[in-house]
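Following the working numbering, the numbering of the sequence shown begins with 470 at its first residue and continues without gaps.
Quick reminder that beta carbons are idealized off the backbone N, C-alpha and C, glycines included.
Note that the coordinates shown come from a computational prediction; the quantities given were computed from them, not determined experimentally.
Encoded as structure tokens, the structure appears first; notes follow it.
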Amino acid sequence: MSIMFFSNLLHWRFLSYPDTAQDTTILMSARNEETHITDAIQAILRQHYKGKIHLLVLDNCSTDRTKEKILNLKSMSNDHCSIKYIYCPTPGKAHALNTGLLFVHTPYFMTVDADTILEPHAVQKIMNHIVACKSACVAGNILVRNAKQSFASRMQTYDYLLSIASVKRFQGSYRSTLVAQGAFSVYQTNAVRHIGGWNNVLGEDIVLTYQFLQNKFPSTYEPKAVGYTIVPETIRGLFHQRKRWAIGMLEGLSTVPPWKQGSVYSVFFTTVNCFVIYLDLAFLFGFLPGVVLAFFGYFYFVGYLTFVSAAISALLYLCMYAYQKRIGVPFQTTFWGFLSFFLFFQPLQSMASLFGYLSKLLGKKTTWNSRDL
């Protein structure tokens, strides 16, 4: 936490890049997304981008009205943004994205989830970054769209706004962002084809980014390119999402272990990820029991030095909140949401991650289920 705080403090300036007019492609994978896909596509049509956007909507075996919604919007194609419907008959997001990759004819392309709404300047900001910096991939800044819908979504508002954004800023400063998330990221087309596309795993975006770094392809982060995504609104859904994320991290580490990474920075960050497993175990079986013992005067695991750690964390989050405010895009916050995040989020995430680690260790098959949202 200290290293991340001081690194982000050193890199507090927003970097600006020249506006590009490169044509780009957006891959939007959709499986039973009739509720959200109209808003997601309309947000693409409203983009203030100097180049042309080719939107490829990939229907991944939907059984609801997703296809109908896409075709209804296809007539809104114009000189600025074209819309093309593509059906992928093989279930699995990696299969859909690899199918879409065959139709990409631009030097760069993006992935945007069908429940993610892009801020009107998001495409311009993220394209400016990848063209100027020559990164293999650039992760966008993801914020929560349904922030006030439930107890679970209120907590996640601060996880995305503070925790996830802090980590991506930290890693991106050294061109080693470990996850260019599928919800909103941009890629060099030739780099993705060099890797061979996406592996058919739960964490396909994680594995792809690890493979970039193994090949010494830089992976960065653009905080001013903002997308708003739908997060799980139930504790059950949140639990299953974080379980999948934990499995995805292990998939990345097993595909490209730290000692096979291509730079000293990516070696460091992936090694830290290995210790996340220990940190989750230590939190559940050391810190939480230690808090109970401390109330009775037994400071075996939790003592006065714990306040130092808490103070550093609070300072990091305060600075990150101020940084996000400077971007100038709206986001929803509540006092009760932050209090819930502070008190309950980490125990839930660590428990979900532990189940993910055990599932991977025992070889159990886990699949994505839209009902988890």
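Bridge partners - residue i, DSSP secondary structure assignment
{"i": "GLY609", "result": "GLU691"}
{"i": "LYS553", "result": "LEU525"}
{"i": "TYR697", "result": "ILE586, LEU612"}
Beta-carbon gap between residue i and residue j smaller than 8 Å
{"i": "ILE704", "j": "VAL655", "result": "no"}
{"i": "ARG713", "j": "LEU677", "result": "no"}
{"i": "THR494", "j": "VAL573", "result": "yes"}
{"i": "TYR556", "j": "LEU540", "result": "no"}
{"i": "MET470", "j": "ILE746", "result": "no"}
{"i": "ALA565", "j": "LEU527", "result": "yes"}
{"i": "GLN793", "j": "ALA634", "result": "yes"}
{"i": "VAL736", "j": "PHE756", "result": "no"}
{"i": "LEU631", "j": "MET789", "result": "yes"}
{"i": "GLN640", "j": "PHE483", "result": "no"}
{"i": "ARG585", "j": "THR802", "result": "A small correction: the amino acid at residue 585 is Thr; Arg does not occupy that position in the sequence shown. No, they are not a contact pair."}
{"i": "PRO576", "j": "THR658", "result": "yes"}
{"i": "ILE552", "j": "ILE510", "result": "yes"}
{"i": "ASN477", "j": "ARG638", "result": "yes"}
{"i": "ILE611", "j": "PHE653", "result": "yes"}
{"i": "PRO701", "j": "ALA621", "result": "yes"}
{"i": "SER828", "j": "THR689", "result": "no"}
{"i": "ILE522", "j": "VAL581", "result": "no"}
{"i": "GLU537", "j": "GLY696", "result": "no"}
{"i": "ILE513", "j": "THR535", "result": "no"}
{"i": "ALA583", "j": "SER642", "result": "no"}
{"i": "LYS729", "j": "GLN680", "result": "no"}
{"i": "LEU719", "j": "TYR826", "result": "yes"}
Reduced DSSP category for residue i - H, G, I as helix; E, B as strand; rest coil
{"i": "GLY825", "result": "helix"}
{"i": "ARG711", "result": "helix"}
{"i": "LEU876", "result": "The requested residue 876 is not part of the displayed model; the chain covers only 470 to 842."}
{"i": "GLN657", "result": "strand"}
{"i": "PHE578", "result": "strand"}
{"i": "SER723", "result": "helix"}
{"i": "SER778", "result": "helix"}
{"i": "SER531", "result": "coil"}
{"i": "SER645", "result": "strand"}
{"i": "ALA652", "result": "coil"}
{"i": "PHE667", "result": "In the sequence under discussion, the amino acid at residue 667 is Trp, which differs from the Phe named in the question. TRP667: coil per DSSP, three-state reduction."}
{"i": "THR678", "result": "helix"}
{"i": "GLY706", "result": "helix"}
{"i": "SER639", "result": "According to the sequence provided, residue 639 is Phe. The question's Ser does not apply to it. Here PHE639 sits in helix by DSSP."}
{"i": "ASP548", "result": "coil"}
{"i": "LYS685", "result": "coil"}
{"i": "TYR792", "result": "helix"}
{"i": "ARG840", "result": "With a pLDDT of 40 at ARG840, under the threshold of 50, the modelled position of that residue is not reliable, and the figure given next carries that caveat. DSSP places ARG840 in helix when its eight states are reduced to three."}
{"i": "MET470", "result": "coil"}
{"i": "LYS729", "result": "helix"}
{"i": "SER619", "result": "coil"}
{"i": "PRO560", "result": "coil"}
{"i": "VAL798", "result": "coil"}
{"i": "VAL736", "result": "helix"}
{"i": "SER476", "result": "helix"}
{"i": "LEU748", "result": "helix"}
{"i": "LEU571", "result": "coil"}
{"i": "LYS543", "result": "helix"}
{"i": "TYR629", "result": "helix"}
{"i": "VAL760", "result": "helix"}
{"i": "TYR767", "result": "coil"}
{"i": "LYS536", "result": "helix"}
Residue i burial status per 10 Å Cβ neighbour count (16 or more: buried)
{"i": "ARG644", "result": "buried"}
{"i": "PHE810", "result": "buried"}
{"i": "PRO558", "result": "exposed"}
{"i": "TRP667", "result": "buried"}
{"i": "ARG662", "result": "exposed"}
{"i": "PHE708", "result": "buried"}
{"i": "HIS517", "result": "exposed"}
{"i": "GLN818", "result": "buried"}
{"i": "ALA783", "result": "exposed"}
{"i": "VAL725", "result": "buried"}
{"i": "TYR769", "result": "exposed"}
{"i": "CYS550", "result": "buried"}
{"i": "THR698", "result": "buried"}
{"i": "TYR629", "result": "buried"}
{"i": "GLY832", "result": "exposed"}
{"i": "ASP674", "result": "buried"}
{"i": "ALA779", "result": "exposed"}
{"i": "LEU830", "result": "exposed"}
{"i": "ARG840", "result": "Note that ARG840 scores 40 on pLDDT, short of 50, meaning its location in the model is unreliable; the coordinates nonetheless yield the value given after this. By the neighbour-count rule (16 or more Cβ atoms within 10 Å), ARG840 is not buried but exposed."}
{"i": "ARG515", "result": "exposed"}
message: Going residue by residue through the stretch 478–529, where are the continuous beta strand (DSSP E) segments of at least 3 residues, counting only ones entirely within it?
response: 493–499, 522–529
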